[in-house]
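Note sheet for the following structure.
Number of protein chains: 2
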Amino acid sequence: VNLLTVARDLRRRRAREREHLFVAEGVRAVEELLTSPLSIQGVLTSPPLETVPRGAALRRALDEAAAERGFAVRTVSEAEFRSAAETESPQGVLAIAGIPERSFEKCETDPRHRMLVLDGVQDPGNVGTMLRTAAALGVATTVALPGTVDLWNAKVVRGAMGAHFRHLAFHSTLDALLAHLEQHDIALWATTASGAPFETFAVPDRLAIAVGNEGAGVSPTLLQHASATVSLPIRHVESLNVAVATGIFLYELRV
Amino acid sequence: VNLLTVARDLRRRRAREREHLFVAEGVRAVEELLTSPLSIQGVLTSPPLETVPRGAALRRALDEAAAERGFAVRTVSEAEFRSAAETESPQGVLAIAGIPERSFEKCETDPRHRMLVLDGVQDPGNVGTMLRTAAALGVATTVALPGTVDLWNAKVVRGAMGAHFRHLAFHSTLDALLAHLEQHDIALWATTASGAPFETFAVPDRLAIAVGNEGAGVSPTLLQHASATVSLPIRHVESLNVAVATGIFLYELRV
Numbered sequence: 160v161n162l163l164t165v166a167r168d169l170r171r172r173r174a175r176e177r178e179h180l181f182v183a184e185g186v187r188a189v190e191e192l193l194t195s196p197l198s199i200q201g202v203l204t205s206p207p208l209e210t211v212p213r214g215a216a217l218r219r220a221l222d223e224a225a226a227e228r229g230f231a232v233r234t235v236s237e238a239e240f241r242s243a244a245e246t247e248s249p250q251g252v253l254a255i256a257g258i259p260e261r262s263f264e265k266c267e268t269d270p271r272h273r274m275l276v277l278d279g280v281q282d283p284g285n286v287g288t289m290l291r292t293a294a295a296l297g298v299a300t301t302v303a304l305p306g307t308v309d310l311w312n313a314k315v316v317r318g319a320m321g322a323h324f325r326h327l328a329f330h331s332t333l334d335a336l337l338a339h340l341e342q343h344d345i346a347l348w349a350t351t352a353s354g355a356p357f358e359t360f361a362v363p364d365r366l367a368i369a370v371g372n373e374g375a376g377v378s379p380t381l382l383q384h385a386s387a388t389v390s391l392p393i394r395h396v397e398s399l400n401v402a403v404a405t406g407i408f409l410y411e412l413r414v
Numbered sequence: 160v161n162l163l164t165v166a167r168d169l170r171r172r173r174a175r176e177r178e179h180l181f182v183a184e185g186v187r188a189v190e191e192l193l194t195s196p197l198s199i200q201g202v203l204t205s206p207p208l209e210t211v212p213r214g215a216a217l218r219r220a221l222d223e224a225a226a227e228r229g230f231a232v233r234t235v236s237e238a239e240f241r242s243a244a245e246t247e248s249p250q251g252v253l254a255i256a257g258i259p260e261r262s263f264e265k266c267e268t269d270p271r272h273r274m275l276v277l278d279g280v281q282d283p284g285n286v287g288t289m290l291r292t293a294a295a296l297g298v299a300t301t302v303a304l305p306g307t308v309d310l311w312n313a314k315v316v317r318g319a320m321g322a323h324f325r326h327l328a329f330h331s332t333l334d335a336l337l338a339h340l341e342q343h344d345i346a347l348w349a350t351t352a353s354g355a356p357f358e359t360f361a362v363p364d365r366l367a368i369a370v371g372n373e374g375a376g377v378s379p380t381l382l383q384h385a386s387a388t389v390s391l392p393i394r395h396v397e398s399l400n401v402a403v404a405t406g407i408f409l410y411e412l413r414v
């Protein structure tokens with residue numbers, strides 16, 4: 160296989176879904192990938208990588224891992240690399256890796272746990288930040304409902320800084336989510352800019368917290384299934400940034 | 160004056176500082192500006208603005224305000240507008256307004272209050288989000304220290320969604336900040352990824368919370384003057400996004 164062609168192709172969501180592959184770009188993301196349980200299919204580098212010590216170290220680590228695990232590391236020209244890169248100033252390293260198979264069967268069913276539900280969140284920077292926050296604050300699972308940006312989009316992967324290489328994040332339909340919540344007796348809260356302050360509700364031991372689209376909020380269908388619609392007490396502005404609001408909710412409601 | 164030339168010039172920080180003017184671009188930002196106490200110097204529009212109902216309504220409101228307050232509204236071609244715009248898909252409206260004169264003399268000295276200190280935060284999206292969060296969570300003042308992106312940068316203004324048209328946010332030196340804190344008996348906390356959990360400290364009635372650069376954190380000089388170095392309890396990842404961490408601190412420590 161031509162890694163360059165594959166990497167270029169994987170910029171499209173449809174190709175990622177078909178091939179069950181994604182691209183992690185940049186020194187930091189590839190470092191995280193290398194120490195994660197995810198399966199690396201191949202790596203592309205370009206000469207600028209080895210001009211910085213951290214890049215040169217990563218190159219050596221990649222060569223070792225490639226020999227052990229049997230994937231290819233191929234060096235291409237800067238121009239070729241740029242044709243596959245998603246960043247404006249590429250650091251000269253990207254890895255193609257397998258999207259892990261994840262589903263509700265793999266979710267923990269601890270007596271107390273938290274789930275994050277992304278209901279149509281569209282900005283990849285926000286979603287990357289939210290995955291990083293969810294992992295940091297002990298959320299067990301993040302579920303992305305239809306209308307949410309692809310979790311394996313290059314910008315999401317970069318923004319998450321490796322969080323979802325380990326954090327159990329995956330796409331699901333609303334029906335599958337609702338079935339899982341019912342089966343495991345997990346409460347569903349919807350967050351909005353105008354609901355009741357969340358402090359007025361007793362906090363369930365098992366709780367899924369849904370956050371919605373940057374403009375429209377949580378969908379009416381999800382709202383119907385939520386046992387509470389909660390908000391943060393804010394003044395002066397219409398709303399908080401969705402990633403900031405999510406961070407506050409996850410911190411306040413952490414187990 | 161040629162508004163187009165002025166708007167183009169104001170894309171440079173130096174020009175904004177010299178002229179004490181900034182640009183608010185887009186329907187939402189100009190709507191917020193129009194209802195704020197800030198002084199509008201002139202408005203540029205292009206034909207696409209009036210193709211959407213909200214844009215057409217804004218145009219009418221601008222014409223009324225222009226007649227009352229005596230500023231110019233000038234319509235230019237799409238190409239000309241684009242030459243001054245900072246967004247990739249301009250909505251066809253930008254306003255030039257005066258940067259308000261703000262300083263520590265205008266800060267409130269309530270028995271209990273919160274201040275946010277930005278110590279070298281460089282991403283304009285993060286700073287815009289943080290100003291919006293600070294305003295929403297009742298922070299009295301946000302102070303930007305040297306090394307922080309210009310608060311009146313177009314991306315910061317857009318990200319803040321009008322927050323700093325009212326929220327008392329301004330640039331200051333560290334010396335001026337420290338003098339103000341001492342004079343008004345305001346404690347200074349520095350936030351880091353590796354300090355003690357903030358819950359282990361008694362929370363002062365008057366508190367300034369400093370957050371640092373995305374990579375390097377709070378500066379060593381500021382750290383020396385902080386009475387506590389505090390962090391959030393996180394796992395699995397190195398750090399939270401600075402805007403998310405700031406949101407959690409400001410929420411937890413709100414008065």
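Heads up: the sequence lines are chains A and B, in that order.
Yeah, the first sequence ends on 414 if you go by this note's numbering, and it's all consecutive.
Yeah, the second sequence ends on 414 if you go by this note's numbering, and it's all consecutive.
We treat Cβ as the ideally placed atom computed from N, Cα and C, and that holds for glycine.
Cβ-based burial, residue i [other Cβ within 10 Å; buried from 16]
i, result
"B:G376", "buried"
"A:Q342", "exposed"
"A:E358", "exposed"
"A:R171", "exposed"
"B:E191", "buried"
"B:E267", "exposed"
"A:T332", "exposed"
"B:Q250", "buried"
"B:R175", "buried"
"B:N161", "exposed"
"A:P259", "buried"
"A:S262", "exposed"
"B:D278", "buried"
"A:V316", "buried"
"B:G185", "buried"
"A:P283", "buried"
"A:V396", "buried"
"A:D309", "buried"
"A:S353", "exposed"
"B:S205", "buried"
Local conformation of residue i per DSSP, three classes
i, result
"B:H395", "coil"
"B:Q342", "helix"
"B:V202", "strand"
"B:L169", "coil"
"A:S353", "strand"
Residue i: first and last residue of the uninterrupted beta strand (DSSP E) it sits in
i, result
"A:G257", "252-257"
"A:F181", "180-184"
"A:A387", "387-390"
"A:V401", "A:V401 -> not in any beta strand (DSSP E); alpha helix (DSSP H) instead, spanning 401-411."
"B:A231", "231-234"
Span of the alpha helix (DSSP H), counted from its first residue to its last, around residue i
i, result
"B:L366", "Here B:L366 belongs to no alpha helix (DSSP H); instead the beta strand (DSSP E) covers 365-371."
"A:T380", "379-384"
"B:G214", "212-228"
"B:E239", "237-243"
Near the ligand NAP: residue i beta-carbon under 7 Å from a heavy atom
i, result
"A:G306", "Summarising the ligand content, the structure contains no ligands, and the ligand NAP is consequently not present."
So if I threshold CB-CB distances at 9 Å, which residues from the segment 319-332 of chain B count as touching chain A?
A319, M320, G321, A322, R325, H326
Below 8 Å between beta carbons is the criterion; list the residues of the segment 251-285 of chain B that meet it against any residue of chain A, in chain order.
G284
At what residue ranges does the segment 260-347 of chain A contain a whole run of the beta strand (DSSP E), taking only runs of 3 or more?
272-278, 300-303, 327-330
Check each residue of the segment 358-373 of chain B: if its Cβ is closer than 7 Å to any Cβ of chain A, include it; give the result in chain order.
none
Could you run through the segment 389-402 of chain A and flag, in chain order, every residue whose CB is less than 9 Å away from some CB of chain B?
L391, P392, I393, R394, H395, V396, E397, S398, L399, N400, A402
Note down, in chain order, all residues in the segment 284-298 of chain B with a beta-carbon under 9 Å from any beta-carbon belonging to chain A.
G284, G287, T288, M289, R291, T292, A294, A295, L296, G297
Any C-beta of chain A within less than 8 Å: which residues of the segment 192-205 of chain B qualify?
none
By the 8 Å beta-carbon criterion, what residues does the segment 209-223 of chain B contribute toward chain A?
none
Interface positions of the segment 338-349 of chain A facing chain B (Cβ-Cβ less than 7 Å), listed along the chain:
none
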